[in-house]
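Step one of this worksheet: look at the structure below.
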Amino acid sequence: MAVIRSVIRGVGAHLPRRIMTNADLAKIVDTTDEWIVERSGIRARHIADEDELTSTLGIGAGRQALVRAGIDPVDIDLVICATATPDRTFPSTAVRIQAGLGITKGAAFDVQAVCSGFVYAMTIADNFIKTGQSLRALVIGAETFSRILDWNDRSTCVLFGDGAGAVVLEAQPQHNGRDDRGILSTLLRSDGRFEDLLYVDGGAGSTKTVGHLRMNGREVFRHAVQKISGVIEETLVATGYAADEIDLFIPHQANVRILDGIAKKLGVAPEKIVKTLERHGNTSAASIPLALNHAFEEHLVKEGSLVLMEAMGGGFTWGAVLARW
């Protein structure tokens, strides 16, 4: 019996013009390139200028994804932007991206699940498509985390960067078999008991200020390895695949030690894990689509490739999406 799957038609990315290296950071905060690399694996990140908004980055990524998909903006009927750094309190960044790309029908809205945002947005778009409410969706992860960093806190300001990535999803009939293309499985989780381990100390409804990012790095690391490994294992059990059948693992790019810890825990070959944090840093909701775009441009992902995307973010939120290219 045929089923409708959300097939990835195109990917895109957009990064701010400015690159900040670890050496640049060492001029404004007490740190060194060696200290940052040893603890995170990050060597550089992109930082948005005043004229580069979250929507600016999202529009750039979305435009490239649409061109590569060969789909006209007027044929998109759903825009979801995953972001924790919207341009404004309202309207949503998604509607600004919608207008910027000339998309005039359907719905547009933001999703806020911090670093898990893109996984959440993909899941929501997939459900819209599977239920027939959408035919073609543009899903974007876009962040300007540099706006919420405390540049005097060397434990956090060295980790994050700005950027955006996007995918175009299209409803296509498939045979409901192991060789189906498109999104095969999605899994979302959250646990609000851990809010105080990773949060921003501001907000329109509380302090009336934007606030700064605060993080208990040691505890976040421990939970990340455990929760991301767990959601990967759940996805494999649910779909009947073994870890060695996955062609590419595209995790949220938070810390190289987290990525290595997950690989070791699951017995995944290092060459199967896409890593871009060395030059992007942690771009929150943008990190998975940026890494997916890198995999596409480097020909790491091919037709038929089985790709597992997974993330954990503040909240805590976490989840995974399994898709065949």
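Residue numbers for the sequence shown follow the working numbering, beginning at 10 and rising by one. C-beta: ideal position from N, C-alpha, C; glycine also. None of these values were measured; they are calculated from a predicted model.
- At a cut-off of 4 residues, the continuous stretches assigned as alpha helix (DSSP H) that sit fully inside the segment 231-288 are 265-275.
- For R156, there is no enclosing alpha helix (DSSP H), as DSSP marks it with neither H nor E.
- For Q73, the uninterrupted alpha helix (DSSP H) segment begins and ends at 63-78.
- When DSSP states are grouped into helix, strand and coil, P100 belongs to the coil group.
- Distance from the CA atom of M131 to the CA atom of I157, rounded to whole angstroms, is 25 angstroms.
- Residue nearest to L331 within the set I192, I56, V209, R48 is I192 (criterion: CA-CA distance).
- In the three-state scheme derived from DSSP, where H, G and I count as helix and E and B as strand, T132 is classed as helix.
- Per DSSP, R48 is one residue of the alpha helix (DSSP H) stretching across 42-49.
- Non-local C-beta neighbours of R333 in its own chain, meaning closer than 8 angstroms and more than five positions away in sequence, comprise D188, D189, R190, G191, L193, G313, S314, L315, V316, ordered along the chain.
- Comparing alpha-carbon positions, the option among V148, I80, T65, M318 lying closest to I255 turns out to be M318.
- Residue pairing of P182 in beta bridges, as defined by DSSP: I13.
- Residue pairing from DSSP leaves D205 without any beta-bridge partner.
- Collapsing the DSSP output to three states places T165 in a helix.
- Excluding sequence positions up to five before and after A294, its CB lies within less than 6 angstroms of the CB of A91, T92, G126, F127, G150, E152, all in the same chain and listed in chain order.
- With contacts defined as CB atoms closer than 9 angstroms, G322 and T195 fail to qualify as a contacting pair.
- Per DSSP, the beta bridge partners of I192 are A332.
- In the assembly as shown, I28 is an exposed residue. Its beta-carbon has fewer than 16 other beta-carbons within 10 Å.
- Taking a cut-off of 8 angstroms on C-beta distances, the segment 104-114 does not touch the segment 299-311, as fewer than three cross pairs fall below it.
- For H303, the enclosing alpha helix (DSSP H) covers residues 296-306.
- Distance from A180 to L144 at the Cβ level is roughly 5 angstroms; contact confirmed, criterion being Cβ atoms closer than 8 angstroms.
- Annotated as proximal: F154 and T94, with beta-carbon spacing under 9 angstroms.
- CA-to-CA, the gap between V38 and N31 works out to about 10 angstroms.
- Annotation: D84 is outside any alpha helix (DSSP H) and is labelled neither H nor E by DSSP.
- In this structure, V177 sits near G19, with a CB-CB distance shorter than 9 angstroms.
- Comparing alpha carbon positions, the residue from K281, L268, K274 closest to G50 is L268.
- In the same chain as L257, and ignoring 5 residues on each side of it, the C-beta atoms closer than 7 angstroms to its own belong to K281, V283, A304, L309, V310, S314, V316, in chain order.
- Here T41 has A35 as same chain residues with Cβ atoms under 7 angstroms from its own Cβ, once five neighbours each way along the sequence are excluded.
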